[in-house]
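In the working numbering, each residue's number is its place in the sequence shown (first place is 1) plus 273. The beta-carbon is built from N, C-alpha and C at its ideal position, and this holds for glycine as well. What follows is a short report on a single structure.
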Amino acid sequence: MDVNGMQQQWDDFHRYVERRDVIFYYMGYFSQTIIAAMADAVKLRVEHVGAVALTRRKLFSSFIEMAQNIVHYSADSYEKEGHAEPSIRHGAVFISLTDERYYLHCANPVNADVAEKLREKLEHLRSLTIDEIKREYKEMLRAETPADSKGAGLGFLTMARDASAPLEFEFSSPTVDGTSMFYLRATI
Numbered sequence: 274m275d276v277n278g279m280q281q282q283w284d285d286f287h288r289y290v291e292r293r294d295v296i297f298y299y300m301g302y303f304s305q306t307i308i309a310a311m312a313d314a315v316k317l318r319v320e321h322v323g324a325v326a327l328t329r330r331k332l333f334s335s336f337i338e339m340a341q342n343i344v345h346y347s348a349d350s351y352e353k354e355g356h357a358e359p360s361i362r363h364g365a366v367f368i369s370l371t372d373e374r375y376y377l378h379c380a381n382p383v384n385a386d387v388a389e390k391l392r393e394k395l396e397h398l399r400s401l402t403i404d405e406i407k408r409e410y411k412e413m414l415r416a417e418t419p420a421d422s423k424g425a426g427l428g429f430l431t432m433a434r435d436a437s438a439p440l441e442f443e444f445s446s447p448t449v450d451g452t453s454m455f456y457l458r459a460t461i
């Protein structure tokens, strides 16, 4: 991995975070244990800022999906010896509140093949109406998990269903090793 290129991307992301009204921010390694601890912190922070119950549920479920996305797809991972799958992966997530709207953001490096799959899924979701998203969500619940999926395939659908605007995403230009920084934003 091109360390200077990745560091620049992280620095850009950090400056972006500093310009927002951030109520939760984490950048580092993600594992299931870390996600569980962050989930507790997110619940408390969102309650503290006064979000109503429905908004808290949507924020929480979208936060979990973003964190899981990092665990499944980040190209920056730490692997334990003797384990086939990386146990922790690097990324960043934050929640901001501006003008009564909550914004969930995440960023993590992804390999080129993953970037293309993510782009296809997200562009498809952006082409759907909310009713079509809900219908597709219900169909996915009944369907078998796709062979190439790290989960049930519901992550982006969950975020799109709960969002009040289409999901926004961007991929940075690839670094020397072919990875791109993947940015995702959901508005709740």
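Residue i - DSSP class collapsed to helix/strand/coil
i: G451; result: coil
i: R458; result: strand
i: N384; result: coil
i: L440; result: coil
i: L414; result: helix
i: L234; result: Beyond the ends of the chain as shown, which are 274 and 461, falls residue 234; an answer cannot be given.
i: L377; result: strand
i: L370; result: strand
Residue i beta carbon near the ligand GTP (any heavy atom closer than 7 angstroms)
i: Y299; result: In terms of ligand content, the structure shown is empty, and the ligand GTP therefore cannot be addressed.
Cβ-based neighbour list, residue i, same chain, cut-off 6 angstroms, excluding 5 preceding and 5 following
i: M300; result: A365
i: L243; result: Because residue 243 is not part of the residues shown, which for the chain are 274 to 461, the question remains open.
i: A385; result: G451
i: V295; result: F367 and S369
i: H464; result: Summary: the structure shown does not reach residue 464, with the chain confined to residues 274 through 461, and so no result is reported for it.
Chain-order list of residues whose beta-carbon lies under 8 angstroms from that of residue i (same chain, five-residue window excluded)
i: M274; result: Because the pLDDT of M274 is 49, which lies under 50, any placement of that residue in the model is unreliable, and the number read from its coordinates should be weighed accordingly. So the list reads A348, D349, P382, T448, D450 and T452, once near-sequence residues are dropped.
i: L398; result: I406, F429, L430, A433, P439 and L440
i: F442; result: L391, R392, L395, F455, Y456, L457 and R458
i: D404; result: none
Selection from the options that minimises the alpha carbon distance to residue i
i: M311; options: K394, L332 and A324; result: L332
i: A324; options: Y302, I343, R362 and T371; result: T371
i: E373; options: A309, A416, T328 and A340; result: T328
i: P439; options: S400, I337 and R318; result: S400
i: Y456; options: K407, K411 and Y376; result: Y376
i: V319; options: E396, C379 and F297; result: F297
i: I337; options: K407, H321 and K316; result: K316
i: A388; options: E417, Y351 and I343; result: I343
i: F286; options: A326, E417, A380 and V322; result: A380
i: E352; options: S304, R288, D404 and N277; result: S304
Integer Cβ distance of residue i from residue j, believed to fall under 8 angstroms
i: R437; j: T402; result: The sequence given here places Ser at residue 437; Arg does not occur at that position. No, S437 and T402 are not in contact; Cβ-Cβ is about 14 angstroms, not under 8 angstroms.
i: Y410; j: L430; result: 5 angstroms
i: I361; j: A340; result: Contact flag wrong, Cβ pair sits at about 12 angstroms.
Residues of its chain near residue i, where Cβ-Cβ distance is below 7 angstroms and the 5 sequence neighbours each way are ignored
i: D435; result: K331, S334, S335 and I461
i: S445; result: Q282, S453 and M454
4 or more residues per run - each alpha helix (DSSP H) lying fully within the segment 295 to 348: 305 to 321 and 326 to 346
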